[in-house]
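The numbering of the sequence shown is my numbering, which starts it at -5 and goes up by one. Even glycine gets a Cβ: it sits at the ideal position worked out from N, Cα and C. Only a predicted model underlies this, so the values are computations on that prediction, with no experimental measurement involved.
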Amino acid sequence: MKIDAQHIDEPGLVAGLRRHAHPEPAPAGQHHTVREVGVHLLGRRLYETMLYWETVDQNPSLKFAAIWKPLPKVVFSTTLSAVQSNARLASGGLAEEIERMRAEPENGNIAIGGATLAAEAAALELIDEYRARVYPVLVGGGIPFFPQHECQVDLELVESRTFSSRVVYLRYRVAR
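Structure, rendered in structure tokens:
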């Protein structure tokens, strides 16, 4: 998410973030949120974007690949017939998949990636925490990170960090 609360979804808007995406190895601790995840749910577009990390050369400066590759992933797509690596296609709807995973304690924390998928989870009130990284750039368009809701969602700040790249990490718990 960028300062203007837009999630990048248009190819022309990605250029403004290139200097923030992977300019140098991530600071210690920036990957901690992925290490806490037991399974990652992704929409098709994010899955296809993240395939880079499944095939990247083994480079010690690319620690994220070592964290990402073994992570189990569930991909929600109506157009893909197969997925690669440690991923599987969702066999049910989002609520059904999350309910099944929450019943299996070995799954641990469930992360949801992709603006459309996350918006669906929010609308179904399936999100317990929001973890966002705010990049210091205004892109001026794209999909809103926080979807329009018919009701207000109160949040409690749990954690915040500012990295040397000026990226700010925010972790909020949904107040219920």
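1. Using 10 angstroms around the beta-carbon of Tyr46, count the other beta-carbons present and answer buried if the total reaches 16, otherwise exposed.
2. For Leu120, which option in Ala84, Ala76, Ala89 and Val152 has the closest C-alpha, if you only look at C-alpha atoms?
3. Measure how close the beta-carbons of Ala81 and Val69 come, nearest whole angstrom, since I'm counting them as under 8 Å.
4. Skipping 5 residues on each side, what residues in its chain have a beta carbon closer than 7 Å to that of Ser79?
5. Quick one: residues in its chain with C-beta nearer than 7 Å to the C-beta of Ala22, no 5 flanking neighbours on either side, listed in chain order?
6. What number of angstroms, rounded off, separates the C-alpha of Leu83 from the C-alpha of Ser75?
7. In its own chain, which residues sit with a C-beta less than 7 Å from the C-beta of Ala112, not counting the 5 before and 5 after it?
8. How about Arg38 and Ser85: are their beta carbons less than 8 Å apart?
9. Could you give the first and the last residue of the continuous alpha helix (DSSP H) run that contains Thr49?
10. I need the boundaries of the beta strand (DSSP E) containing Glu153, first residue and last residue.
11. In terms of residue numbering, what span does the beta strand (DSSP E) encompassing Arg165 cover?
12. Where does Glu123 sit, in a helix, a strand or coil, going by DSSP?
13. If you count every other CB in all the chains shown that lies within 10 Å of the CB of Gly135, and 16 or more means buried, which is it?
In brief:
1. Here the question's residue 46 lines up with position 52 in the sequence shown. Classification for Tyr46: exposed.
2. In the sequence shown, residue 120 corresponds to position 126, counting from 1. Nearest option by C-alpha distance: Ala89.
3. Numbered from 1 along the sequence shown, position 87 holds the residue referred to as residue 81. Numbered from 1 along the sequence shown, position 75 holds the residue referred to as residue 69. In this structure Ala81 touches Val69 by the C-beta definition: roughly 5 Å separates them, less than 8 Å.
4. Sequence index remark: in the sequence shown, residue 79 carries index 85 (1-based). Contacts found: Glu48 and Lys63.
5. Sequence index remark: in the sequence shown, residue 22 carries index 28 (1-based). Low per-residue confidence applies at Ala22: pLDDT is 49, beneath 50, and the placement is therefore not dependable, though the value from the model is reported in the following sentence. Excluding five sequence positions before and after Ala22, none of the CB atoms of its chain fall closer than 7 Å to its own CB.
6. The count along the sequence shown starts at 1 and reaches residue 83 at position 89. The count along the sequence shown starts at 1 and reaches residue 75 at position 81. One C-alpha to the other measures close to 8 Å.
7. Position 118 of the sequence shown, counted from the start, is the residue given in the question as residue 112. Contacts found: Ile106.
8. Within the sequence shown, the letter at position 44 stands for residue 38. Within the sequence shown, the letter at position 91 stands for residue 85. Not closer than 8 Å, so no.
9. To locate residue 49, count along the sequence shown from 1; it is residue 55. According to the DSSP assignment, Thr49 belongs to the alpha helix (DSSP H) that extends over Arg38 to Thr49.
10. Translated into the one-based positions of the sequence shown, residue 153 becomes position 159. That run of the beta strand (DSSP E) goes Leu149 to Thr156.
11. In the sequence shown, counting from the first residue as 1, residue 165 sits at position 171. Per DSSP, the unbroken beta strand (DSSP E) holding Arg165 starts and ends at Val162 to Val168.
12. Position 129 of the sequence shown, counting from 1, holds the residue named residue 123. Shown here, Glu123 sits in a strand according to DSSP, grouped into three states.
13. For the purposes of this step, residue 135 is identified with residue 141 of the sequence shown, where counting begins at 1. Exposure of Gly135 is indicated by the presence of fewer than 16 other C-beta atoms within 10 angstroms of its C-beta.
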